[in-house]
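Numbering (our numbering), first residue to last: 1 to 1105.
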């Protein structure tokens, strides 16, 4: 309290006593504002007070400024039984004086109190953002953590590999922007009387606005629910409100709401914002949460008035970044120029007139995102497939509730079933595939659809109409359109009548019609009619601006519609081509019969819809929607195939060889979509949701770039197109063997559950998985013209053989030994794998990287050094999760994964690549919904993880280098070191307390190095100079800088954690304070004995890992 008072009054001399306190301002000057603030401060604590002032004359003395009142003494007597424990949240209603100032001081005190508990999150779009403690408490609930498993853009990652960001990080961004906008208005327009409570409520609404989304975002509500109940008017906003209400049943959360001064009226205000704007009349105000004087608060999160809200600002910036597109809209300018002005007796957020074109850029960017990504043909095809799979198993796959009962997916949306809805995420596809069908045809059909999806055997795009002005057709008319197209199927005389009859019989089951609407967010309305602008000369009057005054290039129509037709493949590919041709002719005849001005676009692609994004190719007729296909030429100049160009958020537009595309379209590679690149890193950095799939594409691209640079720059190396392709394939497949949560699986799970495979690494599994993939998909060898020697070369690059004898089996060794250093350089650790993950990880973590891999690749040369050809670089470029493992270990004996012949437990999957293909990060969802008794402890740990009840890190050592500790000096595995240290600690603990539980403590040894353990990796790197580009030389670090490390290239740290334990069937998360302190003291003694520095993390409060 004393610190807050001192801060508030500018460090004045204060005297603070227990029962009767006096705050004395010495003789001098005091502003009127401070005097009023002091009065308000005392009142805000609900205390009795008496103010005695001795006021001097009102003359302006020397040194005094206007607005100051000279006071010789100001004494405030505060009477309280316990002034150190005043309830700052409860404020006396009978406050005498300025109520506005009183409210501000109250909020200042609450905010000052809460900033100590606030958390800072690093976001890749907005940078470091601060979250209120109440927002943090909401985030740490299972209802909100569910958003980690819902992708923001549905199935767009089948088109744009980088579009894997989640609703979780988007919600954090909306919360942040809502606070930024409102705080700006609060500072700029104090007459609005925006309170801290208003800001907190709006931020919570932004945080929770998407909690009601189902799996794959809008697929669930627009395709799945509507197909189960055609009369349903359910929207995800309703579910968001229900989910918020369900979350608020948590007693601890309710207590936090009360502690922050939020009552039922404020909760209504939050739900009203999530639900969206209602119809407002002149006489009736439809909201309970806030009066009409604060109507503008309802337009911040979900603006139904003109569509300009922080939700769009965040997803435009975030989606554009992940799609690799550039957005011209700057939401920060809108925040700076936003102003609340009364329009038609209602306060609205208005904008400066010069920013009108910027608003058009927002609408235009939203349109482009929908046109090129959200409604892309592949997105439509994959969406239809997922919706069909979910419809088939709606009554088969049941979702568990808290009481143990299970219900159908379509019933989870009911208000009283939010506990089941919490368990419904995008992991549902893996649940379908892994569930035993037991002869159920519905489940078998759904599995077939999902396997086709993962094998890229998508629904075939037939044709689509050109854009139609306005909204001619409603979704309910799909069946009518399909029936009219069916009536137009006659055949052109060339088709076999029996084939025409077959198509008519298959029509209802195999033809899908999609009606796609594109607009500016307000259907057919002109949003400009609902936006008001103010001028520099008149800040208090806002008027609309006509489009013509902004630019004649702006559109006059604000909605268009496209009708799209798909064919669901049969088991006869050749007949499917004929069916598509007949269907296209029927669609064109139907279109012509409607006598519409817009003609159909004749599409010539009978095959699978294009897998990736492409750059539009402009011609005389406008923008053509076909992909750019670049011919891949061999050394002799003949065309071997077509490359596909797609967009990557790190490397831009990149092209892939057809053989690489064939690999990508296999289930073995598609599996990487469900393995996160940074394991459990997304629990710390919300943006770290990227996966091994996009990383592998990036490595493939960089590997090809480096190989082609060497080929074009040094003809004497005799690098041919086959070499380049093999290097690209190695880069593409180098991570095929990663298990769930990446290195958590091979470093922390396999060593503990497979003692017979202590040296198993993911590189071994990558090599085995590549062999398995080639056997299962022979088309890869055909498209790449690969022979057995090429396959051996690729496998050796993925997992370099340990001996020279093994390498000699490859015809490219040793003449082209430098090719082995491109993907996985075991000599110097400088390879394209690191180049991609450094750039990609830094992007998603919101961290800047100063390393330029493009420059490194361009200046790389191959030079002979000793007897071998080595990759060299220019001399001037010298500068250039415990809990997850524990959950998997607890589930190690349960047979969850279907293998080639039978179901296998987790440890057995590394011996069966068919089972390993199904082993991904989605294993957690199987554990969560399973009712098996053997998984009880795993479920408890998973539940604790989602509630942020983490293992407690009680102490850690200082960084250790050249330790005298025998255990750390041993050349043994990390697991062996951890086991020995843990054994020594337990022995010491049991001497003090024989009842100490062995399984409540765990030790982690952290190894930090430059990739070569205790060696300097640069010693293995060769350089060349500008004057002599054919001679490889070594450079000492002292020749570059004396600030570089000279001897120490590796350090270790030892951490001690206290784990959860079970008493009977109950999981205990919290440990006794004395218990933790005893562990801390024993570890300190161990560190002291081994002459290691120790850092205690157990002080005033326990820091969690």
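Idealized CB from N, CA, C, for every residue including glycine.
Handout entry: Collapsed DSSP secondary structure at residue 1102 in the structure displayed
Key = Because residue 1102 sits at a pLDDT of 39, beneath the cut-off of 50, its placement in the model cannot be relied upon, and the following sentence gives the value as read from the coordinates. Strand at residue 1102.
Exercise for the section: Determine the burial state of residue 1095: buried for a count of at least 16 other Cβ atoms within 10 Å of its Cβ, exposed for fewer. Expected result: exposed
Exercise for the section: Inspect the CB distances between the segment 473-484 and the segment 681-698 and report whether three or more fall short of 8 Å. Expected result: no
Practice task
Out of 333, 951, 730, 704, point me to the one whose CA is closest to residue 858's CA.
Solution key: 704
Practice task
Determine, using beta carbons only, whether residue 798 and residue 706 come nearer to each other than 9 Å.
Solution key: no
Problem - C-beta contact flag for residue 272 and residue 249 at 9 Å - result: no
Handout entry: Residue environment, residue 391, which counts as buried when at least 16 other CB atoms sit within 10 Å
Key = buried
Practice task
Use the C-beta contact count for residue 920: other C-beta atoms within 10 angstroms, 16 or more gives buried, fewer gives exposed.
Solution key: buried
Exercise for the section: Taking 9 Å as the cut-off, decide whether the C-beta atoms of residue 683 and residue 945 are in contact. Expected result: yes
Exercise for the section: Give the DSSP-derived three-state secondary structure of residue 517 in the structure shown. Expected result: strand
Handout entry: Where residue 820 sits in the DSSP three-state scheme
Key = helix
Exercise for the section: Would you mind sorting residue 543 into buried or exposed? The rule is 16 or more other CB atoms within 10 Å of its CB. Expected result: exposed
Handout entry: Beta-carbon proximity list for residue 917, same chain, < 7 Å, skipping 5 on both sides
Key = 667, 668, 671
Practice task
Please list, in chain order, all residues of the same chain as residue 928 whose beta carbon is under 7 Å from its beta carbon, the five residues on each side excluded.
Solution key: 423, 939, 942
Exercise for the section: Go ahead and pull the three-state DSSP assignment for residue 140. Expected result: coil
Handout entry: Per-residue DSSP class, three states only, for residue 1094
Key = strand
Problem - Nearest candidate by alpha-carbon position, reference residue 274, set 345, 374, 188, 212 - result: 212
Exercise for the section: Spell out the partners DSSP gives residue 872 in its beta bridges. Expected result: 861, 1022
Exercise for the section: Rounded to whole angstroms, what's the CA-CA distance from residue 644 to residue 1071? Just pull it up for me. Expected result: 56 Å
Practice task
Alpha carbon to alpha carbon, how far is residue 547 from residue 149? Give it in angstroms, no decimals.
Solution key: 41 Å
Handout entry: Stretch-stretch touch, CB-based, cutoff 8 Å, three pairs: the segment 139-153 with the segment 245-260
Key = yes
Handout entry: alpha helix (DSSP H) segment containing residue 208, residue limits
Key = 196-208
Problem - Option nearest residue 388 by Cα separation, candidates 522, 512, 484 - result: 512
Exercise for the section: Take the Cβ of residue 1074 as the centre, count every other Cβ of all protein chains shown within 10 Å, and call the residue buried at 16 or more, exposed below. Expected result: exposed
Exercise for the section: Starting from the Cα of residue 369, find the closest Cα among 385, 322, 397, 338 and give me that residue. Expected result: 322
Exercise for the section: Can you have a look at residue 1106 and say buried or exposed, based on whether 16 or more other CB atoms are within 10 angstroms of its CB? Expected result: No information on residue 1106 is available, as it lies outside the stretch 1 to 1105 that the chain covers here.
Exercise for the section: Keeping to the same chain, check which residues put their C-beta closer than 6 Å to that of residue 1002; ignore five residues upstream and five downstream. Expected result: 1057, 1059
Exercise for the section: Under 8 Å by Cβ, that's how I've got residue 331 and residue 177 pegged, so tell me the actual separation to the nearest angstrom. Expected result: 7 Å
Handout entry: According to DSSP, residues forming a beta bridge with residue 653
Key = 647
Handout entry: the segment 448-459 touching the segment 904-915, judged by at least three CB pairs closer than 8 Å
Key = no
Exercise for the section: Please report how far the alpha carbon of residue 174 lies from the alpha carbon of residue 679, in whole angstroms. Expected result: 25 Å
Practice task
Give the secondary structure of residue 761 by DSSP, where H, G and I count as helix, E and B as strand, and everything else as coil.
Solution key: coil
Problem - N-terminal and C-terminal residue of the alpha helix (DSSP H) that residue 784 is part of - result: 779-784
Handout entry: Helix, strand or coil at residue 395 according to DSSP, with G and I counted as helix
Key = coil
Practice task
Express the C-alpha separation of residue 996 and residue 986 in angstroms, rounding to a whole number.
Solution key: 8 Å
Problem - Backbone CA spacing between residue 47 and residue 261 [nearest angstrom] - result: Interpretation of residue 47 is limited by its pLDDT of 38, a score under 50 that renders its predicted location unreliable; no figure is taken from the coordinates.
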